[in-house]
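So the protein sequences, as listed, match chains A and B.
Per the UniProt record's numbering, residue 1 is the first one in the first sequence, and the count goes up by one each step.
Per the UniProt record's numbering, residue 1 is the first one in the second sequence, and the count goes up by one each step.
Notes for the one structure printed next.
Protein chains: 2
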Amino acid sequence: MTPPTPLHLSLAGQAVDVLREQVLTGEIPPGSRVNEVEVAQKLGISRGPLREAIRHLASEGLLTLVPHRGAFVPDADADEVKALFELRTALECAAAELAASRRTDMDLVRLHEVCAASRRDYKTGQPFPYRLDLAFHQTLIEAARSPRIAEQVRLVQQRVVLLRSALADDPPHQHASMDDHDELVKAIADGDAAKASIVMRRHLSRVCAQMMMSMSH
Amino acid sequence: MTPPTPLHLSLAGQAVDVLREQVLTGEIPPGSRVNEVEVAQKLGISRGPLREAIRHLASEGLLTLVPHRGAFVPDADADEVKALFELRTALECAAAELAASRRTDMDLVRLHEVCAASRRDYKTGQPFPYRLDLAFHQTLIEAARSPRIAEQVRLVQQRVVLLRSALADDPPHQHASMDDHDELVKAIADGDAAKASIVMRRHLSRVCAQMMMSMSH
DNA sequence: AAACTGCCAACTGTCGACAGTTGACAACTC
DNA sequence: GAGTTGTCAACTGTCGACAGTTGGCAGTTT
Numbered sequence: 001m002t003p004p005t006p007l008h009l010s011l012a013g014q015a016v017d018v019l020r021e022q023v024l025t026g027e028i029p030p031g032s033r034v035n036e037v038e039v040a041q042k043l044g045i046s047r048g049p050l051r052e053a054i055r056h057l058a059s060e061g062l063l064t065l066v067p068h069r070g071a072f073v074p075d076a077d078a079d080e081v082k083a084l085f086e087l088r089t090a091l092e093c094a095a096a097e098l099a100a101s102r103r104t105d106m107d108l109v110r111l112h113e114v115c116a117a118s119r120r121d122y123k124t125g126q127p128f129p130y131r132l133d134l135a136f137h138q139t140l141i142e143a144a145r146s147p148r149i150a151e152q153v154r155l156v157q158q159r160v161v162l163l164r165s166a167l168a169d170d171p172p173h174q175h176a177s178m179d180d181h182d183e184l185v186k187a188i189a190d191g192d193a194a195k196a197s198i199v200m201r202r203h204l205s206r207v208c209a210q211m212m213m214s215m216s217h
Numbered sequence: 001m002t003p004p005t006p007l008h009l010s011l012a013g014q015a016v017d018v019l020r021e022q023v024l025t026g027e028i029p030p031g032s033r034v035n036e037v038e039v040a041q042k043l044g045i046s047r048g049p050l051r052e053a054i055r056h057l058a059s060e061g062l063l064t065l066v067p068h069r070g071a072f073v074p075d076a077d078a079d080e081v082k083a084l085f086e087l088r089t090a091l092e093c094a095a096a097e098l099a100a101s102r103r104t105d106m107d108l109v110r111l112h113e114v115c116a117a118s119r120r121d122y123k124t125g126q127p128f129p130y131r132l133d134l135a136f137h138q139t140l141i142e143a144a145r146s147p148r149i150a151e152q153v154r155l156v157q158q159r160v161v162l163l164r165s166a167l168a169d170d171p172p173h174q175h176a177s178m179d180d181h182d183e184l185v186k187a188i189a190d191g192d193a194a195k196a197s198i199v200m201r202r203h204l205s206r207v208c209a210q211m212m213m214s215m216s217h
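Here it is in structure tokens:
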């Protein structure tokens with residue numbers, strides 16, 4: 001069962017998954033400290049693998065390490081949101097451009113499908129309005145076929161999710177976002193890299209502005 | 001002395017610095033494995049801190065982890081170079097745009113200084129032709145004032161340095177690069193974000209092409 | 001001779017314990 | 001009473017040792 005199970009994933013790897021989940025869902029709230037011995041006991045593992053998991057999540061930006069003090073879940077901060085979205089804009093605009101020139105017909109099918117699902121969920125008032133937004137951006141970077149950019153986009157989006165959990169913000173201007181997505185898909189379908197980049201930039205700047213709003217109450 | 005010196009930097013932190021140096025200089029050649037016990041003994045530390053150092057460098061892309069096999073210095077690979085430069089282009093073009101709108105007069109002084117020093121070193125035939133190239137891009141991203149982008153650029157440039165060490169390539173088209181740099185500084189001085197981005201893209205595509213050349217012999 | 005099988009050494013993954021540092025509380029001084 | 005200093009518990013940083021896995025080599029079979 002659980003004691004000696006290094007058969008598919010190391011204890012450190014499992015700890016990474018569990019901790020990531022707990023951090024992203026806000027189960028471990030922003031600003032709080034992660035106690036090594038306490039969490040290790042709770043997970044039923046030793047401090048060694050847990051430390052590795054903590055360092056790994058720190059390298060992803062989901063934890064901040066303070067020497068001799070431990071690991072903390074980073075707090076939401078206006079400057080941080082701004083800096084993060086500058087990075088996200090650089091990466092996703094480039095991804096949009098690449099997607100416009102590299103997308104296959106299958107990519108277009110997937111993108112249309114996600115957009116349609118978004119509107120379906122929106123009408124029926126589904127519980128996780130961000131799920132399909134994430135899926136859309138995920139599908140887009142796959143269409144860009146640039147593994148290193150994709151890797152970084154995933155990390156940045158993860159941090160955005162963390163910020164959102166700290167904000168607990170209300171349903172966003174989802175309608176505007178969905179319109180952006182549609183326009184983005186059209187530009188990509190047309191192979192119009194320049195337009196795809198511009199639309200993406202506008203889209204992200206809108207999302208960023210909205211997050212800044214819900215931060216300052 | 002050396003045995004108990006956690007006064008300024010942890011053993012893991014010191015190990016990171018030493019290992020990074022050895023990997024980047026090719027002292028530990030690409031493709032080779034990093035033996036935990038062996039290196040730990042050589043550094044005079046235990047396996048714990050060394051493991052943390054290895055994982056850290058792996059998160060920077062300077063090592064590749066294989067479960068139950070250990071850490072390896074990644075090999076040079078054409079696809080990898082291409083993917084890496086797509087990421088670098090996305091990041092540095094964005095940085096160039098931001099620098100064009102945010103640079104201070106002091107930034108311009110520094111950029112001009114680096115360019116002048118490059119030409120000076122070039123004429124006298126200095127040993128490290130890449131040193132000032134790195135310094136230029138470093139100065140540029142500082143002028144962009146976007147901490148997250150700067151962070152990622154640094155990591156990508158580090159990986160490029162690693163690739164170069166694996167290539168052991170000859171003096172590059174340094175003259176063309178210096179011209180690019182001058183043109184870049186001019187665009188940034190003029191506040192012309194669009195041109196800065198275009199010049200940067202051309203510059204990086206040239207550098208990338210050159211690396212691909214020296215790979216395929 | 002080639003291919004398969006079983007064994008073995010080397011190494012990674014994990015654990016429990018010790019040492020050093022940090023922040024906080026309490027006692028003391030002015 | 002406010003500020004300072006001494007003490008202490010809690011936690012991180014580090015270490016050495018054990019267990020499980022991997023790749024290779026020797027021996028065997030066809």
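Built from N, CA and C at the ideal position, the CB exists for glycine as well.
Strictly below 9 Å CB to CB, what residues from chain B border Glu52 (chain A)? Correct list: Arg51, Glu52 and Arg55.
Can you name the residues of chain B whose CB is closer than 8 Å to the CB of Ser10 (chain A)? Pro67
Distance check for His56 (chain A) and Leu43 (chain A), CA to CA, integer angstroms please. 17 Å
By the DSSP assignment, the alpha helix (DSSP H) with Phe85 (chain A) in it spans what residues? Ala78 to Arg102
With 9 Å as the threshold, decide whether the Cβ of Gln152 (chain B) is near any Cβ in chain A. At least one chain A Cβ lies under 9 Å of Gln152 (chain B).
Are the CB atoms of Ala189 (chain B) and Ser101 (chain B) nearer to each other than 9 Å? no
Would you mind sorting Glu21 (chain A) into buried or exposed? The rule is 16 or more other CB atoms within 10 Å of its CB. Classification for Glu21 (chain A): exposed.
Taking only runs that begin and end inside the UniProt domain "HTH gntR-type" (9-76) of chain B, name each unbroken alpha helix (DSSP H) of 4 or more residues, in chain order. 11-24, 36-43 and 47-59
In this structure, how does DSSP classify Asp192 (chain B) when only helix, strand and coil are distinguished? coil
Range of the contiguous alpha helix (DSSP H) that encloses Gln126 (chain B): Where Gln126 (chain B) is concerned, there is no enclosing alpha helix (DSSP H), given that its DSSP letter is neither H nor E.
Please list, in chain order, the chain B residues whose beta carbon lies closer than 8 Å to that of Ser205 (chain A). None at all; the shortest Cβ gap to chain B is about 13 Å.
Name the chain A residues whose beta carbon is nearer than 7 Å to that of Ile188 (chain B)? What Ile188 (chain B) touches in chain A: nothing, since even the nearest Cβ is about 17 Å away.
Ser216 (chain A) (DSSP reduced to helix, strand or coil): coil
Exposed or buried, Ser205 (chain B), counting other C-beta atoms within 10 Å across all chains shown (16 or more means buried)? exposed
What number of angstroms, rounded off, separates the C-alpha of Gln174 (chain B) from the C-alpha of Leu91 (chain A)? Roughly 28 Å separates the two Cα atoms.
Are the beta-carbon atoms belonging to Leu108 (chain A) and Ser146 (chain A) less than 9 Å from one another? The answer is no: Cβ separation not under 9 Å.
Would you say Ala15 (chain A) faces chain B, with C-beta separation under 9 Å as the test? no
Does the beta carbon of Cys93 (chain B) come closer than 9 Å to any beta carbon on chain A? So, interface residue.
Which chain B residues are close to Leu140 (chain A), counting only those with a beta carbon under 8 Å from its beta carbon? The CB of Leu140 (chain A) never comes closer than 8 Å to any CB in chain B; the least such distance is about 14 Å.
Just the C-alpha distance for Asp77 (chain A) and Thr124 (chain B), rounded to the nearest angstrom, thanks. 49 Å
Give a yes or no on whether 9 Å exceeds the smallest Cβ distance from Glu86 (chain A) to chain B. Flagged as an interface residue toward chain B: Glu86 (chain A), by a C-beta distance shorter than 9 Å.
Going by C-alpha to C-alpha distance, which of A:Leu87, A:Asp105 and A:Glu38 sits closest to Thr139 (chain A)? A:Asp105
List the residues of chain A whose Cβ lies closer than 7 Å to the Cβ of Ala166 (chain B), in chain order. Residues of chain A passing the Cβ test: none, with the nearest at roughly 17 Å.
Measuring CA to CA, which of B:Ala94, B:His137 and B:Ala143 is closest to Ile198 (chain B)? B:Ala94
Return yes when the Cβ of Ala96 (chain B) is within less than 9 Å of the Cβ of Leu184 (chain B), no when it is not. yes
Using a Cβ cut-off of 7 Å, pull out every chain A residue sitting near Arg148 (chain B), in sequence order please. Ala83, Leu84, Glu86 and Leu87
State yes or no: is the C-beta of Ala71 (chain B) within less than 9 Å of the C-beta of Ala15 (chain B)? No Cβ-Cβ contact shorter than 9 Å links Ala71 (chain B) with Ala15 (chain B).
Over the uninterrupted alpha helix (DSSP H) stretch that includes Arg164 (chain B), give me the two end residues. Pro147 to Leu167
Less than 9 Å between CB atoms is the rule here; does Leu98 (chain B) satisfy it with respect to chain A? yes
Within its chain, find whatever has a CB closer than 8 Å to the CB of Ser32 (chain B); leave out the 5 residues flanking it on each side and keep chain order. Phe72 and Val73
Please report the straight-line C-alpha distance between Glu113 (chain A) and Ala187 (chain A), rounded to a whole angstrom. 16 Å
According to DSSP, simplified to helix, strand and coil, what is His203 (chain A)? helix
Rounded to whole angstroms, what's the CA-CA distance from Leu63 (chain B) to Arg120 (chain A)? Just pull it up for me. 44 Å
Counting only beta-carbon atoms, is Ser59 (chain B) nearer than 9 Å to chain A? yes
Hey, how far is the Cα of Glu86 (chain A) from the Cα of Cys115 (chain A)? 25 Å
Apart from the five residues on each side of it in sequence, which residues of its chain come closer than 7 Å, Cβ to Cβ, to Leu167 (chain A)? Same-chain partners within the cutoff: Ala76, Met211, Ser214 and Met215.
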